[in-house]
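Protein sequences, first through last, are from chains A and B. Using the numbering used here, you'd call the opening residue of the first sequence number 110 and step up by one each time. Using the numbering used here, you'd call the opening residue of the second sequence number 505 and step up by one each time. Single-structure report; data block below.
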Amino acid sequence: MSKITSLADLRRIKEEVQSKIKLRENSDNPEQVVQVKVGMATCGIASGAREIMKYFVEELEQQAVDAVVTQTGCMGYCYAEPTVEIILPHKAPVVFGFVTKTKAEEIIDTYIKKGKLIDGIIPITYKTIDE
Amino acid sequence: MHILICGGTGCKASESSDIKEKLNYFLNEYDLEDEIQVVLTGCFGFCEKGPIVKILPDNTFYIEVKPSDAEDIVKEHIIKGRPVHRLLYKNPKNDFKVTSATNIDFYKKQIRIALRNCGFINPENIEEYIGRDGYQALGKCLTELTRTQVINEVKESGLRGRGGGGFPTGLKWEITRNVEADQKYVVCNADEGDPGAFMDRSILEGDPHSVIEAMAICGYCIGSDSGLVYIRAEYPLAIERLKTAIKQAEEYGLLGEDILGTGFNFKIELRYGAGAFVCGEETALIHSMEGLRGEPTVKPPFPSVSGYRGKPTNVNNVETFANIPVIINKGASWFNKIGTEKSKGTKVFALAGKINNVGLIEVPMGTTLREVIYDIGGGIKDGKGFKSVQTGGPSGGCLTKKFLDTPIDYENLIAAGSMMGSGGMIVMDEDDCMVSIAKFYLEFTLEESCGKCSPCRIGNKRLHEILCKITEGKGELEDIDRLKMLSDVIKDTSLCGLGQSSPNPVLSTILNFEDEYLAHVNDGKCPAGQCKSLMRYDIIEELCTGCTLCFRNCPVGAITGERRVPHYIDQSICIKCGVCFEKCKFNAITLT
């Protein structure tokens, strides 16, 4: 990466990153990318988020699901760690709490693959600065 | 189509599982069970009106649903597509029925400003931060705004220090800027030490770039090219993420020399603390960074005038910094619409203790404690009664039921005998003994006192001794007066904030729970049943069958007796562990 040397550069990069994400979200390709975000702050890691993230990475690869698994910070639901957010193409993000390996398996089989919601969703109860 | 049912503790207690069963039953009857899934979710944060049922995708929000309503929901809403009017939420302001969840005013009580990216972006990828308007504020400041304009914007926003003191941030920046010096420093105080608090850690772990960006903005305003983050070594993950973030920012040219081609230089280094509570105090923090003992010194001179290495130093807390980029991007007038008259914006709280939804929340200033505890926190664990909420950590106080409807802001909390502090919020239920709680906090201050001034070093020790005496049942009525008097002296004569506020947990518990202190002193009883020395296990002879179960399980051999003969507990040996009480199958053991 070369250095950003002006504000215009910075704005260009922002546009680029945003369009990259948009592309990921709006692509018409039926095999679009599923996004999996695992809450990996101290609270999550202490409750076993590392293993869950590893599990998602391995399972999704093995089952050939086109997905991006990333880590993120504390979602605030520390009582329900490990928490995992799943963004299916064209769908609103869904957060699952208390994700164990069994639960992760269920999430992959039922929600990611078939699009059916399962128990254990945490409703989003906050506003963002964009609202 | 989906039907979501709240499975939070509050709603579960009001039969949400039954509702699920009933819904499934009726869906089954109409052969809809394959098309429509009924899903139990976590808490919707609107427990007052639970159980909540939400229908997707039309987002219809039903409140106070009973199992008997399941039939109507299926027949009317699902089959005929008509919302069930009597179950809709009525807006209290105009009596209109609200169909969609997004239109309910207090459905979403939290606003995430400082936590805007936490749990949203990957903290180890700077591009995700840039994609969320990251470093735009810095760019704007460096290219479009003068130092005075930026400072005025921060002043106008009404942002106050989130570390606890509540000093206006813009004013602090202005004071530091106005001091002439060849070198100035920007310091980020990440020495978070309150028991149960983890706001700063989560921000640094989830969104380190927001702090880096804000420090650079601060550097631009006050005329500094050097930033330091004072962070405790016991936050390894936060340190790791911060290091990664600094490295990435340097690679992208957003830290270092000639940032964005504007000629502005700024670098950030880390300084590690060993985890001493007193080092959260500005002057002690600076001494610790210099390699000296973490002891506070008298102010003035304030760090703004003479701080790190004797140079003007601007110290702000992590959360304060995290607010800055948003203020610059969205403008002071957007920010200062949120909150109360004197406290603007939001506050992050670490919700802990006997509460269902332990977690990290961010609410607008002016939200009441009741909303935080019952709506966001989901109420008290195991359906127990609320007793008290502790805010402000070891420097704060315990607030009772009567303060539940107090809007949270800096002034109101102080008026109620506590303080904002950095944002730890510990909820206590009816099983907590307030004398023991005061003792717990005092143990903390005792351990964390640096020992420099005698009121804090010796005074707190004496306070602790008196509290121990009371919890052991050896207290006298005069002890309560002694506690009050000694507390006042410590508050008046200690050198720094730690000592000046250390008696607060004692004073506020005496003020709000004097009856509990009196019960300990006068009756030798602990109303919450927590003080072991005041408890007594006895065997009721008539009920004891002499089965020897308690005798065999007692870890200290305090129980004597023979088979089929009533046993006896020797009180001088008993350690009140309660094993006999749990093991006895005949309820022959009493606890008084």
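C-beta: ideal position from N, C-alpha, C; glycine also. Keep in mind the model is a prediction, meaning the values are calculated, not measured.
Using the DSSP secondary-structure output, state which residues sit across from residue i in a beta bridge.
{"i": "B/N821", "result": "B/N693"}
{"i": "B/Y529", "result": "In the DSSP output, where bridge partners are listed per residue, B/Y529 has none listed."}
{"i": "B/G928", "result": "B/A854"}
{"i": "B/V733", "result": "B/C692, B/L774"}
{"i": "B/I859", "result": "B/I884"}
{"i": "B/S892", "result": "B/M932"}
{"i": "B/D1042", "result": "B/T1094"}
{"i": "B/I577", "result": "According to DSSP, which records beta bridges pairwise, B/I577 is partnered with nothing at all."}
{"i": "B/R616", "result": "A/T237"}
{"i": "B/L746", "result": "Answer is none; B/L746 lacks a bridge partner."}
{"i": "A/Q180", "result": "A/V147"}
{"i": "B/R1068", "result": "B/R1068 is not bridged to any residue."}
{"i": "B/L544", "result": "B/I509"}
{"i": "B/V867", "result": "B/K851"}
{"i": "A/V193", "result": "A/V147, A/F205"}
Taking the CB atoms as reference points, tell me whether residue i and residue j lie closer together than 8 Å.
{"i": "A/V143", "j": "A/I161", "result": "no"}
{"i": "A/V203", "j": "A/I195", "result": "yes"}
{"i": "B/A826", "j": "B/I707", "result": "yes"}
{"i": "B/A574", "j": "B/I540", "result": "no"}
{"i": "A/I82", "j": "B/L642", "result": "It is not possible to answer for residue 82 of chain A, since the shown part of chain A is limited to 110 through 240."}
{"i": "B/A753", "j": "B/I716", "result": "yes"}
Indicate the three-state DSSP secondary structure (helix, strand or coil) for residue i in the structure shown.
{"i": "B/P571", "result": "helix"}
{"i": "A/I233", "result": "coil"}
{"i": "A/D228", "result": "coil"}
{"i": "B/F768", "result": "strand"}
{"i": "B/G710", "result": "helix"}
{"i": "B/E648", "result": "helix"}
{"i": "B/P911", "result": "strand"}
{"i": "A/P139", "result": "Bear in mind that the predicted position of A/P139 carries a pLDDT of just 46, short of 50, making it unreliable; the figure below should be weighed with that in mind. If DSSP states are grouped into helix, strand and coil, A/P139 belongs with coil."}
{"i": "B/G760", "result": "strand"}
{"i": "A/F205", "result": "strand"}
{"i": "B/L873", "result": "helix"}
Taking the alpha-carbon positions, what's the residue i to residue j distance?
{"i": "A/P139", "j": "B/F548", "result": "Since pLDDT at A/P139 reaches only 46, below the 50 mark, its modelled position is unreliable, and the value read off the structure follows with that caveat. Each residue's alpha carbon lies about 32 Å from the other."}
{"i": "B/Y739", "j": "B/I763", "result": "29 Å"}
{"i": "A/D239", "j": "A/Q127", "result": "15 Å"}
{"i": "B/Y881", "j": "B/P1070", "result": "A small correction: the amino acid at residue 881 of chain B is Gly; Tyr does not occupy that position in the sequence shown. Approximately 48 Å between the Cα atoms of the pair."}
{"i": "B/V809", "j": "B/T801", "result": "14 Å"}
{"i": "B/C1048", "j": "B/G883", "result": "40 Å"}
{"i": "B/K888", "j": "A/D228", "result": "26 Å"}
{"i": "B/L544", "j": "B/I509", "result": "5 Å"}
{"i": "B/K905", "j": "B/N916", "result": "15 Å"}
{"i": "B/A1092", "j": "B/R620", "result": "57 Å"}
{"i": "B/G835", "j": "B/S661", "result": "8 Å"}
{"i": "B/C1078", "j": "B/C1088", "result": "16 Å"}
{"i": "A/Q141", "j": "B/M938", "result": "56 Å"}
{"i": "B/C1058", "j": "A/L169", "result": "53 Å"}
{"i": "B/I1074", "j": "B/D1027", "result": "Going by the sequence as given, residue 1074 of chain B is Asp instead of Ile. Answer to the nearest angstrom: the Cα atoms are 22 Å apart."}
{"i": "B/T871", "j": "B/T1052", "result": "56 Å"}
{"i": "B/P571", "j": "B/P699", "result": "42 Å"}
{"i": "B/T824", "j": "B/C722", "result": "11 Å"}
{"i": "B/D1042", "j": "B/T1094", "result": "5 Å"}
{"i": "B/A1032", "j": "B/D935", "result": "5 Å"}
{"i": "B/G979", "j": "A/Y186", "result": "42 Å"}
{"i": "B/E1119", "j": "B/I974", "result": "Within the shown structure, residues of chain B are numbered from 505 to 1096, placing residue 1119 of chain B beyond reach of any answer."}
Evaluate residue i with the Cβ neighbour count: other Cβ atoms within 10 Å of its Cβ, from every protein chain shown; 16 or more gives buried, anything less gives exposed.
{"i": "B/R586", "result": "exposed"}
{"i": "A/V145", "result": "buried"}
{"i": "B/D985", "result": "exposed"}
{"i": "B/S1076", "result": "exposed"}
{"i": "B/R664", "result": "buried"}
{"i": "B/F671", "result": "exposed"}
{"i": "B/G1001", "result": "buried"}
{"i": "B/H581", "result": "buried"}
{"i": "B/V993", "result": "exposed"}
{"i": "B/I750", "result": "buried"}
{"i": "B/I505", "result": "Inspection of the sequence shows that residue 505 of chain B is occupied by Met rather than by Ile. Its Cβ having fewer than 16 others within 10 Å, B/M505 is exposed."}
{"i": "B/S1006", "result": "buried"}
{"i": "B/V1060", "result": "exposed"}
{"i": "B/P561", "result": "exposed"}
{"i": "B/G668", "result": "buried"}
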